[in-house]
Amino acid sequence: MKIINNQDVLLIDELKLALNQNSSIYIATNYFSIPSVFELLEKLDNLNSIKILIDNTDVEKDLRFSYDEKEIKSYHNLTQKFKADKVFQLIKDKVEIREGSVGGQKFILTETNAVTNYFMLVPHDLNLISLGIMSTEQPIFINSFEDTNNQYLSIFNNVWNSSKRDLKEIILKSITRSAQQYAPEQLYKFTLHNIFQNKTIDEISEQRLSRTGFKETEVWKMLFNFQKDAVLGAIDKIETFGGCIIADSVGLGKTFEALAVMKYYNLRNDRILVLCPKKLRENWLIYSLISDVRNILAKDRMNFDVLNHTDLSREKGTSGLINLETINWGNYDLVVIDESHNFRNNDPRKNTVSRYQRLMRDIIKTGVKTKVLMLSATPVNTRMNDIKNQIAFITEQNDTALSEFGISSIDQTLRKAQQKFNAWLKDNHNENTNRDSLVTTLNGDYFKILDLLTIARSRKHIEKYYDITDIGKFPERLKPIAKYSDFDTGKAFPQMDNVNNLLNALNLKFYSPLYFVRDDKKKSYEEKYDYITSTGSVFRQVEREDSLIHLMRVNLLKRLESSIHSFRLTLTSLWNQVEYLSDKIKTIHQNEYFDTDFDINEVEFDDDRLEDLIIGGKVKVLLQDLDLVKFKEYIEDDKKRLEELIAMASVVDPTRDAKLEDLKNLIIDKLENPINEGNKKVIVFSAFADTVLYLHEHLATWLLEEHHLYTALVTGGDVNKSNMPNCRLDLNSILIHFSPLSKKRNAIYPDEKNQIDILFCTDCISEGQNLQDCDYLVNYDIHWNPVRIIQRFGRIDRIGSINDKIQLVNFFPNLALDSYIDLIGRVKGRMQLLDTSATGDDNIIDETAHQNQDLEYRRKQLKQLQTQVLDLEDIEGGISITDLTFNDFKIDADRLSPAEREAFQLTPKGIFALTENNIEDGNKGVIFCLKDTHSAMDGDKLSNNIIYPFTLCYITAKGTVFIPSANPKRGLDYYKKLCLGHSELLPNLVAEFNQQTKSGRYMEGYKELLEVALQHCKGVSTEMGLNSLALPGISRLSNKSTVAPYELISYLIIK
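Residues 1232 to 2286 in the working numbering are what the sequence shown spells out, letter by letter.
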């Protein structure tokens, strides 16, 4: 007997010695691996007979015949396809394989010239370990001896002859999976299947929905495929976590997605409450009115209550038919919050319960367990912390609610993300600093939160990954028109920077009466108005008032930029306030209580006797507590300067208003040169009601008399107007007549032929309204936050639009943009952040630096707006939720057919495909999908990887890391883009690859790139050597490959 320990003596060497062209071999095993047979290929190919008995009843599904995990985990063999080809041919030509058991024994018999040698494999099978090619920590002992009586050979032959099942074709089919060439799209699906096979929403998509009859409802039938995906995802998240945020971009139909979710819960007899902005109440209410002709979902008999956000501030009265005094707030099973970003702040208020606190206290935490669905198109833009308070509705403010998913503290995760965002933003002036670098920088648990609780798709995503013929097209966005208007056609009014110098001379201290409180009274006022916030910082009212003065200066500039008319009105209002205070000071000494020493904390403000002694709104001050000499001096100085400014602005009447004249010319040009045949509609937005009132007043009659067009004005208040006959002046009636097709006017007013063509409006309709009948939108003034511009344009830039093209027009100040930004920056000055500790901003950057960051990313954003129509995810200096979640890929994985899933379960790891570089910024190289086989993550390279233990790494042909393992979302984005659409092999690439690598035999160049990826994932830097390999464009690494704890799932070769 001979002992083979596979250290000093290797089994493979003994077998080669025992075999020659006159030999036969008999193998009894549970399975054999492709690499092990390949290592014996030269010898086996010359044998007389090769017989293999397989003791395995599940051969069809045993992947070990093509892929042995014991080998792959520590042996990255990129020549797998080449070896599989050779082994396939050997088995096809020379090997016989049957099913049979030799009493649990595993052995190899070699017969040469009537001499039989026995090699015992137990407990191993035929693989690289048992052959001794792969070393192990512990020695493997294999007994070997001559079978002199042919005892084992007889046993083998008896089992062989009695076997009734030939396994050759089955095993050849299994090996084919390693030998075949895969198309790029197959590889993408296979990779997704591995990463997300336990993370898709499939478990809720069929069985649960079919039981409820949900898929038979009207609302489900009306949804596009991408909306159905959102609904399924939302229901899954609501059931799993208690809530979900749908953050699809503007114009993608979030309302209908929510209605479908609501119908699912209606079918479960759940009680539902919709909380929405008051201006959107009618949009929701219509779907609960079964008898309303506008309700296209009447057959679904939807049942839910609708309340306004503002109703949370009321204790009494009614909202519709709901009595707010008797409503059982805690009795709702599902709360749908439209425009949920309105609740992103939970500002503390002294002696007052905020809307946020009321919602949390009376609805979320009280009564039955409440599920939450939130809708918001607002991105995570400049504060990663924006979703903190929205998430709290889902978790009921339980900071550890997601601990089982690896989020030990939601608050700390969001705070850490904000700090990293601030640091990134600080460097965002660098051209090399981009969104990808931010995603790489951010902590993975932040991604995890977003991925668990949000669904976010962009217009680009829908256009790229869904069948647009099913959905309906988006209109083509024409290049924006940028208008730079003067103030005065007579050139008498000064330029903006000169006006700013005059505004800076205003002290505006009447906005800060606490500034003038005498020293002996300051303590009393601090006791009344200052307080400690929930974060421990001190809220000082005098500092708040100082900040209000800076805000007022910014507002004056914005009013001037909007219209000379609004600027003049604001100046007049300020003058009236100053005049009022001046008169009050003049007569104060006549009041009988002037000399009385009151304590502000004990004063009853509704005492009529003290009315003349008190100034201020919410913050009231006794005049006798002020330094009246100083106060009067400041007031009189402002009064004089305001009078001078008002006189200058009054010169510019409507006949000299250059900006108004530019708008008239734009409208004329649009009417004479329509961008869509017959479409005369125009929306004019302004941030200020005064501006749109002014525009309507001076353009409505002109448009009606000269162009026969009806106009309307909506401001969000009671000052709505229209000159269309029989048009009611409520918001919804005006919008119905402005956009009759999208609002389905024919169902309400079938005989009405007139319609409104020009709409002047404020941001009261910038969210939640479908006005896609219109094709031309004007921003008469530029909102400081470009997100608002995008939301406005979303009213007409909508899926399924009747218009082929749409036009955006932006008015800018007639001043170089950089100068304008700098001007705003100087005005803002050093405005104080009253409570930075709540936002994660504390101790990260100083106040001035924070101000500069704000100006810098606004500068980039506004420059973009001059030449581009932006999506939320395109905004410079910001980040959208769509950048951070994997919902798209989970849905792709969920769409795999049962047949594809079954095939992928039987497909070996380590397969590859060849594709062409179809991405502008792509690179030739390889994207590797790897799986960490350790129980814990190795180093911090994968610390922000929420698809762990999987990761993707894109290595260029030159051996550099193009997409790091820390950004698997971007890696999957590229993987998808490079693969989708290529459902067949690319023959030219296959031919080139086979020529370069001899059909996959010589893969050294790709092994070197894999080594770069492995070392990168381990956090080890590698250096490139100078020696070139046979494969063009790929260099050899100077260091030798080391065993890595990563399993190769797939790799995509980009040519």
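Every residue gets a Cβ at the ideal spot worked out from N, C-alpha and C, and that includes glycine.
{"Query": "Supposed close pair I2037, L2245 - CB separation, criterion 8 Å", "Result": "Not confirmed; about 49 Å, so no contact."}
{"Query": "As assigned by DSSP and simplified to three states, the class of R2023", "Result": "helix"}
{"Query": "With 16 other Cβ atoms within 10 Å as the buried cut-off, status of A1878", "Result": "exposed"}
{"Query": "Sequence-distant residues of its chain with Cβ nearer than 8 Å to T1288 (five each side left out)", "Result": "E1330"}
{"Query": "Limits of the unbroken alpha helix (DSSP H) element including F1269", "Result": "1265-1270"}
{"Query": "DSSP three-state assignment for I1364, whether helix, strand or coil", "Result": "coil"}
{"Query": "Own chain residues within Cβ distance below 7 Å of S1716, not counting five before or after", "Result": "A1889, K1890, D1893, F2042, N2045"}
{"Query": "Alpha-carbon spacing of I2142 relative to I1243, whole angstroms", "Result": "27 Å"}
{"Query": "Through-space distance from Y1925 to Y1518, alpha-carbon basis", "Result": "36 Å"}
{"Query": "Between the CA atoms of A1465 and Y2205 - distance to the nearest angstrom", "Result": "26 Å"}
{"Query": "Under the three-state DSSP convention, the category P2044 falls into", "Result": "strand"}
{"Query": "Expected contact under 8 Å - CB spacing of V1377 and V1346 to nearest Å", "Result": "Residue identity check: residue 1377 is Glu in the sequence provided, not Val. So it is a contact: roughly 7 Å between Cβ atoms."}
{"Query": "N-terminal and C-terminal residue of the alpha helix (DSSP H) that K1530 is part of", "Result": "No alpha helix (DSSP H) holds K1530; DSSP gives it neither H nor E."}
{"Query": "Three or more C-beta pairs below 8 Å linking the stretch 1675-1684 and the stretch 2115-2123", "Result": "yes"}
{"Query": "Of the residues F1718, V1852, D1814, the one placed nearest H1796, counting alpha carbons only", "Result": "F1718"}
{"Query": "Continuous beta strand (DSSP E) stretch holding N2010: start and end", "Result": "2007-2010"}
{"Query": "Contact set for N1963: own chain, Cβ-Cβ below 6 Å, skip 5 residues either direction", "Result": "E1513"}
{"Query": "Short Cβ contact (7 Å threshold) for K2121 with F1487", "Result": "no"}
{"Query": "Assigned exposure category for N1704 - 16 Cβ within 10 Å defines buried", "Result": "According to the sequence shown, residue 1704 is Lys rather than Asn. With fewer than 16 Cβ atoms within 10 Å of its Cβ, K1704 is classed as exposed."}
{"Query": "Of the listed residues T1932, I2013, K1602, nearest to V2040 (C-alpha basis)", "Result": "I2013"}
{"Query": "Cut-off 6 Å between Cβ atoms - residues of its own chain near P2199, not counting five sequence neighbours on either side", "Result": "N2176, I2178, T2182, L2183"}
{"Query": "Local Cβ density within 10 Å of W1933, reported as buried at 16 or more and exposed below that", "Result": "exposed"}
{"Query": "P2276 beta carbon less than 7 Å from that of T2164", "Result": "yes"}
{"Query": "Outcome for E2133 when other beta-carbon atoms lying within 10 angstroms are tallied against a minimum of 16", "Result": "exposed"}
{"Query": "Continuous beta strand (DSSP E) stretch holding T1946: start and end", "Result": "Neither: T1946 is in no beta strand (DSSP E) and is coded neither H nor E."}
{"Query": "Nearest candidate by alpha-carbon position, reference D1356, set I1285, Y1383, K1399", "Result": "I1285"}
{"Query": "Touching by the beta-carbon criterion (3+ pairs, under 8 Å), the stretch 1853-1871 and the stretch 1736-1746", "Result": "yes"}
{"Query": "C-beta atoms of I1477 and I1622 nearer than 7 Å", "Result": "no"}
{"Query": "Straight-line gap, L1423 to Y1262 (C-alpha atoms, nearest Å)", "Result": "28 Å"}
{"Query": "Y1257, enclosing beta strand (DSSP E) - first and last residue", "Result": "1254-1260"}
{"Query": "From P1981, S1793, R1872, I1625, residue whose alpha carbon lies closest to that of S1917", "Result": "S1793"}
{"Query": "The alpha helix (DSSP H) enclosing I1680, as first and last residue numbers", "Result": "1675-1684"}
{"Query": "Residues bridged to L1504 (per DSSP)", "Result": "D1536, V1566"}
{"Query": "Residues of its chain near N1526, where Cβ-Cβ distance is below 7 Å and the 5 sequence neighbours each way are ignored", "Result": "I1517, Y1518, L1520"}
{"Query": "Residue of I1831, L1734, F1836, P1744 minimising C-alpha distance to K1789", "Result": "L1734"}
{"Query": "Beta-bridge pairing of Y1349 - partner residues as DSSP gives them", "Result": "L1340, F1376"}
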